[in-house]
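K.L.:
In the working numbering, the protein residues as written are 19 to 148.
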């Protein structure tokens, strides 16, 4: 995790100088990849991008949520199995990784892609017990 924090700390690109990615650009960049994201220099989550605009998201806690993404009004929106309200982001390719800004609002959460950090995406099974 320390390596991830260092990588994220170095990622402070001039985001607004980069154009917003279209759905086609986003799909081409992400499909078949598992990307780790950070926020304020700490690990935030990981997402696996599959064919058909399907995804699996985790907050790095072993609990994974399946979902889909689509483009709406220039934003990439995600809908996951545990919530029906879309989570929409504006993505930019900085040349050093993706930057995602929630709802395209500079006052909202901004996530940075961490380069390959050598960690696996862990998804534990459903909670079962007595």
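The beta carbon of each residue, even a glycine, is placed where N, CA and C say it ideally should be.
All of these numbers come straight from a predicted model, not from anything done at the bench.
Please tell me whether residue 55 and residue 121 are closer than 8 Å, where the distance is taken between their beta carbons.
P.N.:
The count along the chain shown starts at 1 and reaches residue 55 at position 37. The count along the chain shown starts at 1 and reaches residue 121 at position 103. For residue 55 and residue 121, no; Cβs fall outside 8 Å.
K.L.:
According to DSSP, simplified to helix, strand and coil, what is residue 91?
P.N.:
Translated into the one-based positions of the chain shown, residue 91 becomes position 73. The answer is coil: DSSP assigns residue 91 none of H, G, I, E or B.
K.L.:
DSSP three-state label for residue 48, please.
P.N.:
For this step, residue 48 is matched to residue 30 along the chain shown. If DSSP states are grouped into helix, strand and coil, residue 48 belongs with the helices.
K.L.:
Taking the alpha-carbon positions, what's the residue 127 to residue 62 distance?
P.N.:
Working through the chain shown from its first residue, we reach residue 127 at position 109. Working through the chain shown from its first residue, we reach residue 62 at position 44. Spanning the two alpha carbons is a distance of roughly 11 Å.
K.L.:
What did DSSP end up calling residue 40 once you bin it into helix, strand or coil?
P.N.:
In the chain shown, residue 40 corresponds to position 22, counting from 1. Coil, per DSSP.
K.L.:
Which term fits residue 85, buried or exposed, when burial requires 16 or more other beta carbons within 10 angstroms of its beta carbon?
P.N.:
Translated into the one-based positions of the chain shown, residue 85 becomes position 67. When all chains shown are included, residue 85 counts as buried.
K.L.:
For residue 68, which beta-bridge partners are listed by DSSP?
P.N.:
Position 50 of the chain shown, counted from the start, is the residue given in the question as residue 68. According to DSSP, which records beta bridges pairwise, residue 68 is partnered with 72.
K.L.:
DSSP on residue 54, reduced to helix/strand/coil?
P.N.:
As a working note, residue 54 is residue 36 in the chain shown. Reduced to three states, the DSSP call for residue 54 is strand.
K.L.:
Compute the Euclidean distance between the alpha carbons of residue 125 and residue 108, then round it to the nearest angstrom.
P.N.:
Indexing the chain shown from 1 puts residue 125 at position 107. Indexing the chain shown from 1 puts residue 108 at position 90. Cα to Cα, residue 125 sits roughly 13 Å from residue 108.
K.L.:
Could you pull the DSSP bridge partners for residue 111 from this structure?
P.N.:
Working through the chain shown from its first residue, we reach residue 111 at position 93. DSSP output for residue 111 lists 116 as bridge partner(s).
K.L.:
Please determine, among 90, 42, 75, the residue with the shortest C-alpha to C-alpha distance to residue 138.
P.N.:
Stepping through the chain shown from its first residue, residue 138 is reached at position 120. For the residues 90, 42, 75, the minimum Cα distance to residue 138 belongs to 75.
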